[in-house]
Amino acid sequence: MSYARSTRRNTLDELVARVRFEMRLHLAEPAATSQYDELAAVFTLGHHECAALLADRRALPRWERRLLTRFARRLYGSAIVSSVADVPPGTADLARAFPAEIAWLRPGSGDPGVRYDLQGRGLLTVFRLAVGASGERWPDRAEVASAVARNVLACSAAFLRRSPWHVMWPVYRVRGLRLWRL
C-alpha cells in the first residue's frame with residue numbers, strides 16, 4: 038500500500054470520526070440551541086465537508102472511490118455532492134450559486150420519509166436541519182434528529198469497515214418495509 042493511499046484513508050477515517058462524534062454527542066445529550074439555523078449555512082457547511090471527504094480520492098483504488106462516492110451521497114445528498122463536482126474548493130458565496138438546490142433541501146413537517154432520507158437530501162443534512170431553525174413549526178423534529186443520528190452512525194460504521202466486497206454486495210438495512218443501501 039502506498040503512502041498517499043494510507044494517508045488518504047487516515048484522513049477519511051478522521052473526517053468520519055468527527056461526524057460520528059457529532060451524532061453520538063447529540064444522542065447522549067441533545068442541545069437546546071443549534072448553530073444550524075440557516076439553510077444556506079447548512080448547505081455551505083455540507084459542501085465544505087463533502088469537498089474535504091472527496092478531495093484526493095484518486096489516490097484510492099476504484100472500488101474504494103465508488104464506495105466513498107456512494108457514502109458521501111448518502112450522507113450529504115445528491116445536491117451537495119454534485120455541487121462539489123461543479124464548484125472548485127474555496128468558493129465563498131455558494132448561496133447565490135445554488136438557490137434552487139438549497140430550497141429543495143428543506144423537508145416538510147410530517148414528511149414520512151424524512152427519517153430515513155428517502156428523498157435523497159442526505160442524512161447529515163436532514164439531521165442538521167432537524168436540530169436547527171428552532172423557530173419553525175416541525176412537531177416531529179426530535180424524533181427525526183434521533184432516528185437520522187442512529188442511521189448516520191450505522192452508515193458510517195459500515196463505511197469504516199470498508200472492503201471490496203461492499204461494492205460487489207452493498208450493505209442493506211431494513212427499516213420497516215423500506216430497504217435502503219449504503
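For the sequence shown, the working numbering assigns the number 38 to the initial residue and increments by one for each residue that follows.
Beta carbons are placed, not taken as given, at the ideal position from N, Cα and C, and that holds for glycine.
No experiment lies behind these values; they were computed from the predicted model shown.
Backbone CA spacing between residue i and residue j [nearest angstrom]
i, j, result
"R111", "L105", "10 Å"
"R198", "G159", "21 Å"
"T44", "M60", "25 Å"
"S220", "A92", "No answer is possible for residue 220: it lies beyond the span of the chain, which begins at 38 and ends at 219."
"L190", "T81", "22 Å"
"L219", "R103", "Residue confidence is low: L219 scores 48 on pLDDT, short of 50, so the model does not pin down where it sits. Its coordinate-derived value is still stated next. Each residue's alpha carbon lies about 11 Å from the other."
"W100", "R46", "13 Å"
Three-state class that DSSP yields for residue i in the structure shown
i, result
"E180", "helix"
"V124", "coil"
"Y73", "coil"
"G83", "helix"
"E137", "Looking at the sequence shown, residue 137 is not Glu but Ala. It is helical."
"L97", "coil"
"R57", "helix"
"E51", "helix"
"S200", "coil"
"A92", "coil"
"S119", "helix"
"S39", "coil"
Assumed close pair residue i, residue j - CB separation to whole angstroms, cut-off 8 Å
i, j, result
"A182", "F164", "6 Å"
"L76", "L142", "6 Å"
"G169", "V79", "7 Å"
"A186", "L64", "5 Å"
Distance CB(residue i)-CB(residue j) smaller than 7 Å
i, j, result
"F108", "F196", "yes"
Is the region 82 to 93 touching the region 116 to 123, taking contact as three or more C-beta pairs under 8 Å? Three or more Cβ pairs closer than 8 Å define a contact, and the region 82 to 93 meets that threshold against the region 116 to 123.
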